[in-house]
Structure formats: C-alpha cells, structure tokens
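Residue numbers (the working numbering), protein chains in the order written: chain D, 1 to 402; chain G, 1001 to 1340; chain R, 2001 to 2251.
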Amino acid sequence: MLGLNKQDTTLFLIVVALTALAPFILNPFPTESAMAQFNAGYPDLMQRFVIFGIFAIGFNILFGLTGYLSFGHAAFLGVGSYAAVWMFKLFSYNVFPAIFLSVVIAGLFSLLIGYISLRRSGIYFSILTLAFAQMSFALAYSVLSNPKFNLTNGETGLQVYTDDLQMFHGDHLPDLPHIFGLLTMRDNFVLTVGGWDFNFNVGYYFCALIMLLAFYFSVRIFRSPFGTMLRAVKSNQTRMYYTGLNARPYTLAAFVISGMYAGLAGGLMAAVDPLAGAERMQWTASGEVVLMTILGGAGTLIGPILGAGFIKYFENIFSKINDTVLHSWFSFLPDGMEDFMVAIVHPFIGKGWHLTLGLLFMMVVIFLPGGLVEGGQRIMRLFRGKKAAKEADEATQSTPAE
Amino acid sequence: MDAFLIQILNGLDKGSAYALIALGLTLIFGTLGVVNFAHGALFMIGAFCAVTLQRIFKLSFVTEDPTQQDFLGNPLKVETPYVMDWFGPEVGAGIIEWSVPLAILFCIPVMIGVGFAMERGLIKHFYKRPHADQILVTFGLAIVLQEIIKYFFGANPIPTPAPASLNGVVNLGAIIGMDIVYPLWRVIYFCFSALIIGGIFAFLQFTTFGMVVRAGMADRETVGLLGINIDRKFTIMFGIAAAVAGLAGVMYTPINPPNYHMGMDFLVLSFVVVVVGGMGSLPGAVLAGFLLGILESFASTTWATTTIPGINQVIIYLVAIIVLLTRPRGLLGRKGVMED
Amino acid sequence: MGILEVKNVNKRFGGLQALGDVNLSVAENTVHAIIGPNGAGKSTLLNVLVGKLVPDTGSVLFDGQSVLGRKPYEINQMGISRVFQTPEIFGDLSVIENMMIPIFAKRDGAFRMHAFENADNEKGIIEQAEQMLESLNLADQRNMHSAAMSRGNKRRLEIGMCLAQEPRLLLLDEPTAGMARADTNNTIDLLKQISDERDITIAIIEHDMHVVFSLAERITVLAQGTPLVEDTPDNIKGHPKVREAYLGESA
C-alpha cells in the first residue's frame, strides 16, 4: 500500500490506529477514579506526544541512518517556533502558512549549519553542533532581543500581541491559531461514556495527521536507495568514497531533512500554543531528543515514536507520583517494610524523574543498544523459541528497521 | 591601561576554570581515548565537596539555654556545632569559616575515588565502543550525577563563602604604581590553578609514571607492546583528572555559589576549549582556556557589547567554529590527531 | 602508452623520501605486480594513484587524464577501483545491499537524491547484483549480514563490488594478506578468471611471491621508493638486483 511493502504497511496501519484511537487508549481510567491521574488522554500531553514524535523521527533520519550524533537539533526546533510565531504576528493565525515557513526557515538554517558542521565527523561533528546550538540559544536569548532589533523577545518569549500587524486577520477569525478559520487548534470535543471523559482535540488530530505524514515519509526514506546510501555512510565511509560516492551531500541531505522535521515540530508547538522561547533551543533540549531516539531504538522506524511517547508519558506521570501514592501502593507490606520501600523509591519519582531517565538511558546504551524496539524483539524471541529466533535474526539483519 | 589589565584579570579566573576542566578532559581523551561528557559533573561534585564539608562542620547539637527565652517564653534552644564544642568556640568558628580551603584536602581522596569508580565501573567497558556511544553513556552519567546532587542538595545555589580574611580586595597595581583593585579570592584562584597546572606538567615531565603516560598518549599500542601495563596507569590518570576537575570546583564555590547544573554549564564551554586548544594537547588546553577566558572578558566590556550587542555570549563559539574550520587540529594539536 | 602512466613522482614525509622519481607504465589489459621489501613505498604509491595522497612533483595519468588533485570518489568514477588489504565492505549491510551500492554508484554518479523510490523496486539493479553474487559463488549468502561472512568471502565480496562498477583498472593492495592457503588459492583463481574474462587491467601490490608469480604478466620491483627493475616474471626470478634488494633487506 502507498508504495510500502507488506510489513511496513502493517506497521504504518498500527501507528495510524494508535494515533487515531489515542484519546481512548491513553484514557483507561474513569475520570472520578483514583487512578485518573495516570490518564494521559488530555489534549496538551497528547499533542506533545506527537510533536516530539515528529522531532525524534527526524532526528532518527540523521542519527539512526548515518550515525552522525548531533547535539544541536533543538536549535532548528526553536527556529521553527520563532518562524511560526512571526507568521502569526505579521500575517494571520492560520497555521498552514506558519508551519510552511517553519519548515522552510529550519531547512535553510540547517543547510547553513550542516554545511559547516559536516566538514568534520565523529566527535568533532558533535561538538560543532553543540557549539552552534549554544550559540543560537545565546543569540535568541539575548543578542537578538535588544531594543534596536527585537527578533526573539528574549526571556519573555515571542508571542502575539493585540497591536501586532496581523495583515490578514479579520474580526470573523478566531484570536488563536486556526485552520482557515474553520477550526481552532483548541477546539475540543469531550465524549462522555459512563465514567470516562474522552477528549477529541483539533490540535491533537492536526498534529497527529502531520506526524503520520512525517512517519510515512521516513519509512519511504528508510526503504529508498537514498536510505541505503545513508546506512552505507554509517557503515564504512572509506568504502563509500572508493566506490565513487560522495558521502558529504548524502549526510548534508539527511541533516537538512532532519532539520526540517525539527522545524516542523517547532512550528506545531507554536501552532498549539502561540509562544516561542529560547529555552527550547538549549543544548539539554537537544539532549532530550537524543534520549528519545536512543531509548526507543535508533535506526528503527518505530523506535523514535516509542521513545518520545515513553519519555513524555513518564515525565508527566512520574511527576505526579508522590509519597502518598507510594504509601498506598506498598500498603500491603508490613509498616516498617512499607516505609522502607517508599524511602527507596522516593528519589526516583516526582522531581526525581530525570534521575530515573538518566539511569534508564545508561542501561539502554550499555545493555540494549537497539533500545525499546530491541528489547521488544528479544522478548518476542523468548516466546517464540530458539529456531524462530534465528530466522528473526536474519530477517532483522537484512532489513534492520522495523 | 588599568581597564585593559582589569579585563585580562577578569578573564583569568574564568579562564582558570576552563583550563583546569579542559586539562582533565584532555588527559582523559589523550590517555583513554574517551570523550567524557561527565567531566562537567566532576567539576560540580568537587564544588559540592566544599558544600558537604561546610555542612559537616556545621553539624550541631541542641542545648537549652535557661538564661534566655525565645518569643514564646520557652528556654531558648541553642545550636552548637560539634567542632566548636570540641576545639573551643574560636578555633571551631575558624574551622567552619575555612571550610572551603579545607575542602581541598577533603576533595582529593573523594574525587580520586569517584574517578576510579567511574573508570573501573563504566568507562572501561567503552574503550572499544564508538565515540558516539562514549558520548551517550557519559552524557547519561552526567544527568544521573547531577540529579543525585539535586536530590541531596536541592535546586538552589548554595552560598559557600571564602574565609573572611581572603574575601576582600587587593590592589594588585600597587607594585607597578597603578590602581588595580581586584577581589583577593580570584587572585588566589588563579594562583591555585597555575600551581595545579604546573604540578600536572611537572608530574608528567619528570616522573617515570608521567613519561609512560605521555608515551601512551602518543602511541598507545607500542607502549602496550613493551609490556607495560598501561591500563592501570590510565586508571590512575583518570583519578587525577577527576581530582583536578574537583579542585577546580572546590575553589570556584566562593566565586559562584554551586548549583546542580553548573557542571553542564561548564561542560560545553570546556569542550570548546579542548577543541580550540587541540584535541589531545595538554598545553593547548591550558592556553585555549586562558585565551578564551580573556577573550570572553574583553567581549563583555561595555564598549564591545554596545558595538555588537551580546557579543560576549557568542564570542567563544564563534572562535571555536572558525578554528575548527580553518585549523581542525586546534591551536597546538598534533597533525593527524582527530583531524577528520 | 599504457592505461596508467606514472612519471617522475616524488613524495617526501618530513625527512623521509617515500617515493623518489617513480616512473611506471601499466599496459592495458595486463596484470602488473608491484613488489618490494617493507618500506619500499608500495603503499604510498598506491595512495597516490587513488587520490589519497598528492605527490610533491610528477604526474599520474589514467587513460591520458591526470588524476592528481582529484578526490578518491572522482578517481573512482574515472574507472579505477581499489581493493584494500583488510576488506573494506559495508559491514552493517546485507550482502545483496553491499553489491547494489556500487551498481547504484555506476548508474547515478557520486550523489543522487533518490529518497522516494523504493530500493526493492530497483529490479534491474537487484538482478545485476544477484548475477554478480552468483558468479562469485556467494548467492547463498545473499541476505546475510556482511560482517558475519568469512574473511575469504569478504574478500570475494569486495572484489565483486569493485567489479560491479566495471572499472578499467583494478588496484589490489596485498589482497591475500593474512589469508589461509586455501583462501589465497581461491582468490588467485578468482583474479585469474577476472583477468581472462574481462577487459580489465589489474595492478597488484603483493608480498606473497606465490601469488605474484601465479598472476603477474609484468613485475615492477620497488626499493627505497624507486623502481629497481621492470620485467616479466621469468626474468625477475633470477635477477641479481632483486635478490640483492630482498636479501639486503632481510640480512
């Protein structure tokens, strides 16, 4: 279907189903129940799932295929956000032109940075991208926000004010990002079934649709001769050059594509919440997408989406678990044991989420380089037994992405 | 002229921190071939050694003073630090006040221990893995370490002042007949860094151990073939590098109250310093550390920031990018080392 | 006029004269071996030919065109392929993908953005790659991870990848170094077959005299960066200068 082989079509349809049904899947607990705080089916979080999914899918095209580890992709995301908000400020709240501009600007910006950074490889490349990202952050945070020339509005963040130009804005149009005036990004329909409230949010479905498109393109890239070339870059650049291939335009193309994905994600962030701040560009934000991609499984198709979802879900859920919740979980234990368990788990929950994430990430890098996807495959193999495992092994080797 | 010298001095203390961290990074990269993203975290842990020692000294017991009353009319509870009780109030107070300099002694064994644990427990397994994996796993470790510190010490900066007698200003210009008033502690910081840097170089230059390490940095395989157990020596070098970063952190606490993310803040800049100096070149790391520190300080002058707003924020990165593109091996890097 | 003409090439590394006035002419459709003791400058010469090193002086003409100053991939596109001492293949890719890449490079040039075509739909390319594997007796390893192949098979694959580009000159850098005798003989047979069946010139750098004398039609002896003699294998065998160069080195 759509130029995908059978296996990829199945995968794609699963992703379509999951994103379409997310309001149900992420909302398993009735609103009034004690477990409702673990529901993730509210618009804000669902939007973040898919937006960061796009970001990670794009990053995976660079890192997963070519092996070039960029620590500066947040810069493109930030640039995308700024471009979108400027579009809102100057023209109108329509999201289409805004997102279009985000992608274009991020693409140009990544072309510039990629052209320079890719003259080096290995750790030099990582450090160059890091330096560029920190420079962009500094530029956005202070340099480009002075009274003479205020492009980013510094610490406050760029936002739309009532006295902005908004050339094509009319009274009949809503005062927030919208799709041709028909729907606004905040339109939300709540379906109440029994004790459950399911949110159907325009912003979410808009982003989800774009994520599916982004995912589809990434599958096509993975399966294309271009994708094979990118994996060849990762595998052996010497052989590549002595096979008459110039690796640099290939890596640059991958870099720009992933930069455009980041810009798209940034544009969508601005579309669901018309605000752009410099902190989105900080190198630790770039680190986050690295975490997502590797945790999910770098070089696999579905990995980055899983990683993004996993991190964003648990970031949200872990911060809600407090000692009271823990005590209720361990209440079946004798008192002393209960307190002991709570004391042990305490550092890892609530504000300790980053500690858990850091440990988890180290575990993955050390023991499970293929991330969650590889973990899943290993478990599957355990169930299927040894013979099947061998076949699966060969299958994954010839088609390393699932 | 005075202003010019002041700018150089201003650059020196930050430059000292850059130089010390970059020196450690280079030692680790040169000897072990590992790109250590957790090195900033070692700097931070050093700083928190000072905080910890200060807290230990301030450990108190509570007595009730019947002669005084608090506002509720109860006998006033008085906290007396143990050190005051043991050594008498004056000596005790002195110990508490001098906790930062004393932390130097406390920090060295702690940091060497941390360094050994890190190398033996984790880094060792990554020698043969790609640089990207090394970056990733040490990046993960850096997150873990900073979150542990955050868990125990909270998210806010913790003031850790220098002893009052070292806290004042000193007129450095008096000797040459100029008026250059400068915080004393920063002068101490610079001298201390110079001492450590000198010590490391002397150690590498004049001891057999150092000679082997230098030979190993130049050509690891050959030294291995000579039957010298280079791995153990490299582990020790990792400990030393960790201690250097830790000491830089301890001494930096009075300049900037330590917080849990100071390591990450310094890490990026230190990498830039290493790259500008030349990957694997120790003199390069030191030179670039001071140069960039001074450059940053000049870029922060009113004149510079009014000419090009925000130049102080980006100057180091600009320099790094230009250096990497025009002279990839860095200022003092050897030809052929990591040039691609 | 040979297909490859090396004239007065000099290359110094600091105080070391790696190549001194090297003149070499490789005739089309022959197998030409370059031998010499360690440090004779064989590898330096090879690196000059493929564009990895630029000589200080002299010229290198391939089919009448200078290769100097061109990048390795450009030289490859001119028709020179290189086989490395340790097989350089795409270890993370499957065997068939390894074989497809040079065919893509042949068809599309140094770079083409074919991101929305499906690699599985490139029937022509796949067919060619499969034929190549068939002729190398590697068809049964088609879907294997190429890093998992045996050393001998990696060598075959690498040679096959070079041939898939239909080069006019194939450069081999000690292709049997570190191989077991059986693998060495297989490689010799393969190279013989290639030179018999194809319009191809082969230049080979080799230590193993068994390999050299089984294959070469012309031999150049290099010593201390300078060609000593160039002759047919039979004449080289008893040549006093050659004996001297080798024995002098080993004594």
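For glycine and all other residues, C-beta sits at the position ideal for the given N, C-alpha and C.
Taking 8 Å as the cut-off, the Cβ atoms of A1050 of chain G and V1114 of chain G do not count as close. With a 10 Å radius around the Cβ and a threshold of 16 neighbouring Cβ atoms, G1121 of chain G comes out exposed. Across the stretch 67 to 100 of chain D, CB contacts with chain G closer than 9 Å involve G67, Y68, L69 and F71, in sequence order along the chain. Judged by their CB atoms, F1037 of chain G and F1139 of chain G are nearer to each other than the 8 Å cut-off. If you ignore the 5 residues before and after V1169 of chain G, its C-beta comes within less than 8 Å of the C-beta of V1181, Y1182, P1183 and L1184, all in its own chain and listed in chain order. With a threshold of 16 other beta carbon atoms within 10 Å, I2075 of chain R meets it and is buried.
Looking at the DSSP output, S2025 of chain R bridges to R:E2005. Ranked by Cα distance from G1293 of chain G, the options G:A1003, G:L1005 and G:D1013 are led by G:D1013.
Proximity of chain D to I2188 of chain R at the Cβ level (cut-off 7 Å) is not reached, the minimal Cβ distance being about 23 Å. Secondary structure remark: continuous alpha helix (DSSP H) runs of at least 4 residues inside the stretch 344 to 372 of chain D, in chain order: 353 to 367. Separation of N201 of chain D and I1135 of chain G (C-alpha to C-alpha, rounded to the nearest whole angstrom) is 39 Å. In this structure, the beta-carbon distance from L212 of chain D to T9 of chain D does not fall below 8 Å. At a cut-off of 8 Å, the C-beta of M362 of chain D has a neighbouring C-beta in chain G.
Those residues of the stretch 2038 to 2054 of chain R placed with their C-beta closer than 8 Å to a C-beta in chain D are V2050, ordered along the chain.
The C-beta distance from M1251 of chain G to G1333 of chain G rounds to 28 Å, too long to fall under 8 Å, and the pair is not in contact. The distance from the Cβ of A1285 of chain G to that of L1042 of chain G is about 15 Å, inconsistent with a contact at the 8 Å cut-off.
When G:V1212, G:S1193, G:F1266 and G:V1244 are compared, the shortest CA-CA separation from N1229 of chain G is found for G:V1212. Using a Cβ-Cβ cut-off of 9 Å, P1328 of chain G is close to R119, R120 and Y124 of chain D, given in chain order. Among the residues of chain D, those whose CB is under 7 Å from the CB of D1133 of chain G are V365, following chain order.
For the pair V342 of chain D and L326 of chain D, the Cα-to-Cα distance works out to about 6 Å.
Under the Cβ distance rule, N2118 of chain R counts among the residues neighbouring chain D, one pair being separated by less than 8 Å. With distances taken between CA atoms, H73 of chain D lies nearest to D:Y261 out of D:W353, D:Y261 and D:G227. In summary, P1159 of chain G is exposed, with fewer than 16 beta-carbon neighbours lying within 10 Å of its beta-carbon over all protein chains present. Annotation: N153 of chain D is outside any beta strand (DSSP E) and is labelled neither H nor E by DSSP.
A Cβ-Cβ distance of about 4 Å is found for the pair L77 of chain D and G266 of chain D, placing them in contact under the 8 Å criterion.
As DSSP reads the structure, D2231 of chain R sits in a beta bridge with R:I2219.
Of the candidates D:R119, D:P43 and D:L69, D:R119 places its Cα closest to the Cα of I1321 of chain G.
When CB distances to chain D are screened at a threshold of 7 Å, the residues of the stretch 2162 to 2187 of chain R falling below it are Q2165, in chain order. Distance from T2176 of chain R to D2199 of chain R at the Cβ level is roughly 24 Å; contact not present, criterion being Cβ atoms closer than 8 Å.
Taking L275 of chain D as reference, the option from D:Y82, D:Y241 and D:F215 with the minimal CA-CA separation is D:Y82. In the three-state reduction of the DSSP assignment, K2052 of chain R falls in the coil class, being assigned neither a helical nor a strand state.
Of the candidates D:T31, D:F217, D:L183 and D:M380, the residue whose Cα lies closest to the Cα of Y204 of chain D is D:L183. Rounded to whole angstroms, the separation of the alpha carbons of Q47 of chain D and M269 of chain D is 8 Å. Here V1323 of chain G is not bridged, per DSSP, to any residue. Residue environment analysis places Q2077 of chain R among the buried positions, since at least 16 neighbouring C-beta atoms fall within 10 angstroms of its C-beta. The Cβ of L2215 of chain R sits no closer than 8 Å to any Cβ of chain D.
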